[in-house]
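First the structure, in the form of structure tokens, and then the observations on it.
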Amino acid sequence: MPESHLFTIENFYHFAKERKLMAAQCDNCGTLLVPPRPVCTNCLSKNLEWIKLKPKGKLLTYTVIHVASPRFQSLAPYAVGIVKLEDGPNLPGMIKGIEPENIKVGMDVLVDFDTNIPAEWPMWPRYFFRPS
Amino acid sequence: MTGKPLVSIVSAGLSKFGKMQGLYGRELFAQAAKEAFDRCPNLDPKKTVKALFVGHMGESYEHQGHTGAASANWAGLLPVPAMRTEAACASSGVALRCGVLAVLSGLYDVVMVGGVEKMTHRSTAEVTEFLAMASDFPFEQWHGITFPGLYALMATAHMHKYGTTEEQMAMVAVKNHGNGVLNPKAHMQKEITLEQALSSRVIAWPLKLFDCSLITDGASCLILTKPELANKFTDTPVHIIGSGHACDTIGLYERKELTTLNAGKLAGQEAYKMAKTTPNDIDVAEVHDCFTIAEIIAYEDLNFCKPGDGGKLVEEGITHIKGEIPVNTSGGLKSKGHPVGATGTAQAYEIYLQLTDQAEKRQVEDAEIGLSHNVGGSGATATVHIYKRG
Ligand SMILES: CC(C)(COP(=O)(O)OP(=O)(O)OC[C@H]1O[C@@H](n2cnc3c(N)ncnc32)[C@H](O)[C@@H]1OP(=O)(O)O)[C@@H](O)C(=O)NCCC(=O)NCCS
Ligand SMILES: [Zn+2]
Numbered sequence: 018m019p020e021s022h023l024f025t026i027e028n029f030y031h032f033a034k035e036r037k038l039m040a041a042q043c044d045n046c047g048t049l050l051v052p053p054r055p056v057c058t059n060c061l062s063k064n065l066e067w068i069k070l071k072p073k074g075k076l077l078t079y080t081v082i083h084v085a086s087p088r089f090q091s092l093a094p095y096a097v098g099i100v101k102l103e104d105g106p107n108l109p110g111m112i113k114g115i116e117p118e119n120i121k122v123g124m125d126v127l128v129d130f131d132t133n134i135p136a137e138w139p140m141w142p143r144y145f146f147r148p149s
Numbered sequence: 133m134t135g136k137p138l139v140s141i142v143s144a145g146l147s148k149f150g151k152m153q154g155l156y157g158r159e160l161f162a163q164a165a166k167e168a169f170d171r172c173p174n175l176d177p178k179k180t181v182k183a184l185f186v187g188h189m190g191e192s193y194e195h196q197g198h199t200g201a202a203s204a205n206w207a208g209l210l211p212v213p214a215m216r217t218e219a220a221c222a223s224s225g226v227a228l229r230c231g232v233l234a235v236l237s238g239l240y241d242v243v244m245v246g247g248v249e250k251m252t253h254r255s256t257a258e259v260t261e262f263l264a265m266a267s268d269f270p271f272e273q274w275h276g277i278t279f280p281g282l283y284a285l286m287a288t289a290h291m292h293k294y295g296t297t298e299e300q301m302a303m304v305a306v307k308n309h310g311n312g313v314l315n316p317k318a319h320m321q322k323e324i325t326l327e328q329a330l331s332s333r334v335i336a337w338p339l340k341l342f343d344c345s346l347i348t349d350g351a352s353c354l355i356l357t358k359p360e361l362a363n364k365f366t367d368t369p370v371h372i373i374g375s376g377h378a379c380d381t382i383g384l385y386e387r388k389e390l391t392t393l394n395a396g397k398l399a400g401q402e403a404y405k406m407a408k409t410t411p412n413d414i415d416v417a418e419v420h421d422c423f424t425i426a427e428i429i430a431y432e433d434l435n436f437c438k439p440g441d442g443g444k445l446v447e448e449g450i451t452h453i454k455g456e457i458p459v460n461t462s463g464g465l466k467s468k469g470h471p472v473g474a475t476g477t478a479q480a481y482e483i484y485l486q487l488t489d490q491a492e493k494r495q496v497e498d499a500e501i502g503l504s505h506n507v508g509g510s511g512a513t514a515t516v517h518i519y520k521r522g
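These protein sequence lines are chains A and B, in that order.
Quick note: the first sequence uses the working numbering, first residue 18, plus one each step.
Quick note: the second sequence uses the working numbering, first residue 133, plus one each step.
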């Protein structure tokens with residue numbers, strides 16, 4: 018298991034397995050880093066700490082994908098969007114649990130977790146969005 | 133007074149764009165290089181060309197990396213130092229930038245820059261996966277977001293913020309297909325109607341088939357030299373007077389704004405400043421229309437109009453081949469085609485033809501100053517170059 022104090026993408030998904038949406042927060046400038054990274058890209062400080070984000074936000078934009086890559090072909094058409102989390106940062110992902118024609122820019126969504134571990138590399142569990 | 137020439141283009145070459153069955157990428161590059169050599173009989177390529185920069189996006193398509201040496205080999209340029217530049221769909225815009233830097237450095241008097249991609253032998257699903265590699269893996273690819281998907285996210289945001297319509301996007305497609313008909317090297321030479329574009333099948337809503345660029349095979353190149361040497365090789369050089377290059381976050385989601393490409397804006401500002409020109413000076417432009425919304429955003433990022441007015445610009449015919457600022461006279465990525473690694477220098481090739489009166493049926497009369505705008509990924513890289521008739 019990766020060392021959980023490292024501010025890596027691997028650890029972001031490690032927390033997702035535990036249904037936690039985590040960011041790295043810079044102690045120096047306060048920037049919330051999603052995805053987390055080893056050095057604050059705003060001020061270059063290494064003084065970071067994990068902080069749990071509220072799993073909710075507003076949909077900034079979305080699309081419905083009909084032509085997909087082989088891995089996702091069987092799911093098409095499926096909706097994906099970019100969500101502005103209540104805590105500030107943006108997160109992209111799939112939108113589930115709503116008919117595509119009912120999706121609206123600006124709608125409130127919750128971040129949910131599919132804790133199934135995919136068999137293929139990098140074996141990260143996927144979070145997704147659903148209407149709140 | 134425009135800025136002083138940085139380097140001069142003395143020749144250029146372009147393979148036929150399209151489904152080039154049975155041809156390997158390096159063979160397409162050799163065709164482009166040969167055209168450039170033949171166009172410039174006063175230049176002995178074996179003696180004169182001192183380095184090669186080749187844009188190439190993906191080794192997955194042909195199971196072939198190490199494209200610098202392979203391209204130099206097939207072009208007949210060995211043993212010149214050759215290198216591949218990779219910046220997704222801006223790979224050869226970056227090759228051009230590197231060529232400008234290399235000549236300006238004083239190390240080389242003459243270099244070739246170009247690009248190549250061979251894509252059509254792969255299935256659309258495979259190409260979709262390979263192209264997506266230019267986006268963020270952990271948060272975009274891993275969640276099923278495709279390239280059309282990324283630009284669709286921008287399109288939805290642009291429609292929501294500014295009221296841009298699907299009709300306006302379709303007008304970009306109709307315009308560029310119209311121009312492609314005039315270009316014998318274009319992948320598709322087919323007029324389309326607004327109705328056809330609007331009723332075509334959905335690829336990533338709101339983007340439909342005719343909002344997307346083509347999956348294409350092709351190669352392109354230019355020969356660059358110092359301005360003071362240009363007339364040794366040709367009477368009709370084209371000078372590069374501005375060069376801009378900037379980067380942005382690899383993931384679209386990390387950007388503050390989803391309706392503009394900051395790298396495109398910054399590259400444009402750098403190039404305009406160096407060239408001492410303004411958008412009003414541009415007589416002809418090739419912009420990165422990988423999707424119709426991308427052309428609309430390019431108008432805004434390059435200051436051809438205010439943010440949000442890009443849709444109106446195409447609707448009013450301003451960017452039509454007979455309009456005030458003809459954009460994508462070649463047919464653009466939409467109709468000429470988009471062999472991703474070859475696109476940046478293929479845009480420069482079109483501007484070179486326009487500024488040397490060789491654009492035949494699509495010649496823009498009295499074109500003096502041209503611009504090319506090349507974007508990689510969802511905007512993580514952009515290059516802008518400004519050209520002047522020599
Ligand atoms: C849009 C896209 C998915 C269509 O691929 P497809 O569904 O496999 O389509 P096909 O190859 O089966 O072609 C079907 C027909 O549509 C035409 N066609 C394919 N793509 C087209 C396009 N983008 N525009 C117009 N016509 C197109 C083909 O010529 C063919 O016509 P024909 O039957 O008369 O020969 C594909 O062209 C694509 O992915 N384009 C975007 C490429 C891209 O993302 N580039 C990088 C940008 S950053
Ligand atoms: Zn910081």
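Glycine included, each C-beta is placed from N, C-alpha and C at the ideal position.
Closest Cα partner of residue i within the set the options
i                        : options                                : result
proline 280 of chain B   : B:Ser237, B:Trp337, B:Ser255, B:Val248 : B:Trp337
histidine 470 of chain B : B:Thr451, B:Tyr484, B:Gln490, B:Gly509 : B:Gly509
isoleucine 82 of chain A : B:Lys520, B:Leu341, B:Ala395, B:Thr391 : B:Leu341
histidine 290 of chain B : B:His517, B:Val516, B:Ala430, B:Met320 : B:Ala430
lysine 444 of chain B    : B:Pro137, B:Thr199, B:Met301           : B:Met301
arginine 171 of chain B  : B:Tyr481, B:Val516, B:Gly231, B:His505 : B:Tyr481
alanine 395 of chain B   : B:Ile373, B:Glu432, B:Asp343, B:Glu323 : B:Glu432
alanine 222 of chain B   : B:Gly522, B:Thr515, B:Arg521, B:Lys520 : B:Thr515
alanine 33 of chain A    : A:Ile115, A:Ile99, A:Leu61, A:Lys69    : A:Lys69
valine 472 of chain B    : B:Lys136, B:Gln486, B:His517, B:Tyr193 : B:Tyr193
Segment limits, beta strand (DSSP E) that includes residue i
i                            : result
threonine 80 of chain A      : 73–82
alanine 234 of chain B       : Counting along the chain, alanine 234 of chain B falls outside any beta strand (DSSP E), though it belongs to the alpha helix (DSSP H) covering 223–236.
phenylalanine 130 of chain A : 125–131
methionine 215 of chain B    : 214–217
tryptophan 337 of chain B    : 334–337
threonine 146 of chain A     : Threonine is not the amino acid found at residue 146 of chain A; the sequence shown has phenylalanine there. Where phenylalanine 146 of chain A is concerned, the enclosing beta strand (DSSP E) stretches over 143–148.
glycine 187 of chain B       : 184–187
isoleucine 483 of chain B    : No beta strand (DSSP E) contains isoleucine 483 of chain B, which is instead part of the alpha helix (DSSP H) from 475–487.
Neighbouring residues, chain B, relative to residue i (Cβ below 7 Å)
i                           : result
leucine 77 of chain A       : Ala289, Leu390
phenylalanine 89 of chain A : Gly276
asparagine 107 of chain A   : Tyr385, Glu386
proline 52 of chain A       : Pro270, Phe271
isoleucine 26 of chain A    : Pro270
valine 122 of chain A       : Thr288, His292
Which residues DSSP lists as bridging residue i, in chain order
i                         : result
asparagine 506 of chain B : B:Thr515
leucine 46 of chain A     : Reading off the sequence, residue 46 of chain A comes out as cysteine, not leucine. Paired residues: none, contrary to the question.
threonine 357 of chain B  : B:Ser140, B:Val242
proline 109 of chain A    : A:Ile99
tryptophan 67 of chain A  : A:Ala41
histidine 377 of chain B  : B:Thr515
glutamate 418 of chain B  : B:Ser504
Listed by chain order, chain B residues near residue i by CB distance under 8 Å
i                         : result
glycine 110 of chain A    : Phe271, His275
isoleucine 68 of chain A  : Chain B residues near isoleucine 68 of chain A: none, gap ~18 Å exceeds 8 Å.
tryptophan 141 of chain A : Pro270, Trp274
histidine 83 of chain A   : Arg333, Val334, Ile335, Ala336, Trp337
leucine 166 of chain A    : Lying before the first or after the last residue shown, residue 166 of chain A is absent from chain A, which here runs from 18 to 149.
Extent of the continuous alpha helix (DSSP H) run through residue i
i                         : result
arginine 158 of chain B   : 157–171
histidine 31 of chain A   : 26–34
lysine 255 of chain B     : Reading the sequence as shown, one finds serine at residue 255 of chain B and not lysine. Here serine 255 of chain B belongs to no alpha helix (DSSP H), and DSSP marks it neither H nor E.
asparagine 311 of chain B : 298–313
Amino acids of chain A, ordered along the chain, whose beta-carbon sits closer than 8 Å to that of residue i
i                        : result
glutamate 206 of chain B : Sequence check: residue 206 of chain B is tryptophan here, not glutamate. The premise fails here: tryptophan 206 of chain B is roughly 31 Å from chain A at the closest Cβ pair, so nothing lies under 8 Å.
glutamate 261 of chain B : Ser86, Pro87, Arg88
Any non-hydrogen atom of ligand 3 closer than 7 Å to residue i Cβ
i                    : result
serine 62 of chain A : As far as ligands go, the structure on display features ligand 1 and ligand 2 and does not contain ligand 3.
Amino acids of chain A, ordered along the chain, whose beta-carbon sits closer than 9 Å to that of residue i
i                        : result
alanine 407 of chain B   : Result: empty, since nearest Cβ-Cβ is about 31 Å, beyond 9 Å.
leucine 285 of chain B   : Leu77, Thr78, Tyr79, Thr80, Val97, Gly98, Ile99, Pro109
glutamate 258 of chain B : Ser86, Pro87
Per-residue contacts from residue i into chain A (C-beta, under 7 Å)
i                        : result
proline 439 of chain B   : Residues of chain A passing the Cβ test: none, with the nearest at roughly 16 Å.
threonine 297 of chain B : Correct list: empty, because the minimum Cβ distance to chain A is about 15 Å.
glycine 281 of chain B   : Thr80, Ile82, Val97
Minimum Cβ-Cβ distance from residue i to chain E less than 8 Å
i                    : result
valine 97 of chain A : Protein chains A and B are contained in the structure displayed, whereas chain E is not.
**Prompt:** Using 8 Å as the threshold, is the stretch 463–478 of chain B in touch with the stretch 132–148 of chain A, meaning 3 or more CB pairs across them?
**Reply:** Verdict: no, contact absent.
**Item:** Contact between the stretch 304–313 of chain B and the stretch 128–143 of chain A (3+ Cβ pairs under 8 Å)
**Value:** Judged by Cβ distances under 8 Å, the stretch 304–313 of chain B makes no contact with the stretch 128–143 of chain A, as fewer than three pairs qualify.
**Asked** Do the stretch 346–358 of chain B and the stretch 245–252 of chain B make contact, defined as three or more Cβ pairs closer than 8 Å?
**Response** Short answer: they touch.
**Asked** If you pair each beta-carbon of the stretch 140–154 of chain B with each one of the stretch 203–222 of chain B, do three or more pairs fall below 8 Å?
**Response** Result no; under three Cβ-Cβ pairs closer than 8 Å.
**Item:** Three CB pairs or more closer than 8 Å across the stretch 418–425 of chain B and the stretch 373–383 of chain B
**Value:** Touching, no, given that fewer than three Cβ pairs across the two stretches are closer than 8 Å.
**Request:** Please determine if the stretch 252–271 of chain B and the stretch 38–48 of chain A are in contact, where contact requires at least 3 C-beta pairs separated by less than 8 Å.
**Result:** The answer is no - the stretch 38–48 of chain A does not touch the stretch 252–271 of chain B, with fewer than three Cβ pairs under 8 Å.
**Request:** Please determine if the stretch 434–442 of chain B and the stretch 160–171 of chain B are in contact, where contact requires at least 3 C-beta pairs separated by less than 8 Å.
**Result:** Two segments are said to touch when three or more pairs of C-beta atoms, one from each, lie closer than 8 Å; by this definition the stretch 434–442 of chain B does not touch the stretch 160–171 of chain B.
**Request:** Taking 8 Å as the threshold, find out whether the stretch 485–496 of chain B comes into contact with the stretch 308–326 of chain B through three or more Cβ pairs.
**Result:** Contact between the stretch 485–496 of chain B and the stretch 308–326 of chain B is present, because at least three Cβ pairs lie under 8 Å.
**Message:** Would the stretch 51–60 of chain A count as touching the stretch 72–86 of chain A if we require 3 or more Cβ pairs under 8 Å?
**Reply:** At 8 Å Cβ cutoff, the stretches do not touch.
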